[in-house]
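Trainee:
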Amino acid sequence: MKPFYICVNSLLEMALVSWIKMGIKKGLEIPWLEGVKPRVKEVFYLGSWREEVFTKCVAVVGSRRMTQYGERVVEKLVPGLVDQGYTIVSGFMYGVDQAAHRMTVACGGRTVAVLGWGISYPMSNDECLMSNKIVDSGGLIISEWEKQEPMLWTFPLRNRIVAAMVSDIYVVEAASVSGALITVGWGRKLGKKIWAVPGPVTSKVSEGTNKLIADGLAKMWVPNENKRAGEFKSISGGTNIGDLYTVLQNDALTIDELVRKTRKSAQEVGAALTMMTLRGEVSEREGKYYINDQLT
Numbered sequence: 001m002k003p004f005y006i007c008v009n010s011l012l013e014m015a016l017v018s019w020i021k022m023g024i025k026k027g028l029e030i031p032w033l034e035g036v037k038p039r040v041k042e043v044f045y046l047g048s049w050r051e052e053v054f055t056k057c058v059a060v061v062g063s064r065r066m067t068q069y070g071e072r073v074v075e076k077l078v079p080g081l082v083d084q085g086y087t088i089v090s091g092f093m094y095g096v097d098q099a100a101h102r103m104t105v106a107c108g109g110r111t112v113a114v115l116g117w118g119i120s121y122p123m124s125n126d127e128c129l130m131s132n133k134i135v136d137s138g139g140l141i142i143s144e145w146e147k148q149e150p151m152l153w154t155f156p157l158r159n160r161i162v163a164a165m166v167s168d169i170y171v172v173e174a175a176s177v178s179g180a181l182i183t184v185g186w187g188r189k190l191g192k193k194i195w196a197v198p199g200p201v202t203s204k205v206s207e208g209t210n211k212l213i214a215d216g217l218a219k220m221w222v223p224n225e226n227k228r229a230g231e232f233k234s235i236s237g238g239t240n241i242g243d244l245y246t247v248l249q250n251d252a253l254t255i256d257e258l259v260r261k262t263r264k265s266a267q268e269v270g271a272a273l274t275m276m277t278l279r280g281e282v283s284e285r286e287g288k289y290y291i292n293d294q295l296t
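Under UniProt numbering, residues 1 to 296 are what the sequence shown spells out, in order.
1) Can you list, in chain order, the residues of its chain whose CB lies under 6 Å from that of residue 204, leaving out five sequence neighbours each side?
2) Thinking C-alpha only, which one of 53, 290, 41 is nearest residue 141?
3) Do you know how far the Cα of residue 290 is from the Cα of residue 251?
4) Quick one: what does DSSP say residue 128 is sitting in, helix, strand or coil?
5) In terms of residues, what are the limits of the alpha helix (DSSP H) holding residue 66?
6) In whole angstroms, give me the CA-to-CA distance for residue 276 and residue 282.
7) Where does the unbroken beta strand (DSSP E) through residue 44 begin, and where does it stop?
8) Tell me the start and end of each unbroken beta strand (DSSP E) in the UniProt domain "DprA winged helix" (244–287) that is at least 3 residues and wholly inside, in chain order.
9) Pick out whichever of 288, 215, 185, 167 has its Cα sitting closest to the Cα of residue 193.
10) Below 8 Å between beta carbons: does that hold for residue 82 and residue 165?
11) Could you tell me if residue 249 is buried or exposed, where buried requires 16 or more neighbouring beta carbons within 10 angstroms of its beta carbon?
12) Evaluate residue 37 with the Cβ neighbour count: other Cβ atoms within 10 Å of its Cβ, from every protein chain shown; 16 or more gives buried, anything less gives exposed.
13) Between residue 201 and residue 42, what straight-line distance do the alpha-carbon atoms span, to the nearest angstrom?
14) Residue 140 bridges to which residues according to DSSP?
15) Tell me whether residue 55 sits in a helix, a strand or coil according to DSSP, three-state version.
16) List the DSSP bridge partners of residue 90.
17) From residue 90 to residue 262, what distance separates their C-alpha atoms?
18) Give every residue of the same chain whose Cβ lies closer than 7 Å to the Cβ of residue 64, excluding the five residues on either side of it in the sequence, and list them in chain order.
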């Protein structure tokens, strides 16, 4: 396999771009791409291709219109995943994707950026700097194209590679129509575990994540303060919601009051209340939560 040199950007002198051509003649296999359709014929990459990069991967994806809330979630989520030995995979776009790459590098982790354009297509100065940091920290820049310019169709298509590479997909923020939800769609087809971060019901970029949770298509991710920072657990809502519903039947209560009465953590109570709000079972007014029947 002979590498060749091409110019990635005028701001960079030259970049070594290696390539893997799929096929029996080359004798090369990428197991995690098996069964992916449309078939990935070639993979171009920047960095050092090592199998250990792909042994334990998760995707962190989300809106390009990331809010401060979304940024705080990334800062909470990514370090815990890195601490557990995961390679963080994302799509290299501004917003949640680039925040995930930055945070991974900042805490000493390894990240893979899957491009929605060709590997040799010119990058901005900031993108070049970020790609260098990713490669220098043991990560990879990947594309199935060499010279393809970014188009509306290239981003949804590259998302199948993101989904194929990972065991779990974490959606931090997503509007009702979002590229992150396309990644979720690919992930569900490939049998991946989907996680979604609940967000404010008034936020446009949380409509997609909240709906994933409400429809039962994703587990709810909330930080677990009783473990190391960033570790997580899922909230299915069964017992927690039942307990809260029983307590709220007697009176409207604040979150602090619910924590005391149910003897559950603030994270569990908050997650359960989010689920109940999404289902239309409770409403919040002046800091207190009511069962909706009590408001009529």
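Note that beta-carbon positions come from the ideal geometry of N, C-alpha and C, so glycine has one too. On a predicted model such as this, the values are computed, not experimentally measured, just so you know.
Mentor: The answer reads as follows:
1) Taken in chain order, the residues that qualify are 175.
2) Closest by alpha carbon: 53.
3) Roughly 7 Å between the two C-alpha positions.
4) In the structure shown, the three-state DSSP call for residue 128 is helix.
5) Annotation for residue 66: no alpha helix (DSSP H) segment contains it, and DSSP assigns it neither H nor E.
6) Approximately 6 Å, taken between the alpha carbons.
7) Segment 42–47, the beta strand (DSSP E) holding residue 44.
8) Scanning the UniProt domain "DprA winged helix" (244–287) from its first residue to its last, the whole beta strand (DSSP E) runs of 3-plus residues come out as 282–285.
9) Considering only alpha carbons, the answer is 167.
10) It is not a contact, given that the beta carbons lie outside the stated cut-off.
11) Burial call: exposed.
12) Exposed, because fewer than 16 other Cβ atoms sit within 10 Å of the Cβ of residue 37.
13) Rounded to the nearest whole angstrom, the CA to CA distance from residue 201 to residue 42 is 42 Å.
14) According to DSSP, residue 140 bridges with 47, 112.
15) Looking at residue 55 - three-state DSSP - the assignment turns out to be coil, as it is neither helix nor strand.
16) Per DSSP, 113.
17) Each residue's Cα considered, the two are about 38 Å apart.
18) Cβ neighbours of residue 64 beyond the five flanking positions: 93, 94, 95.
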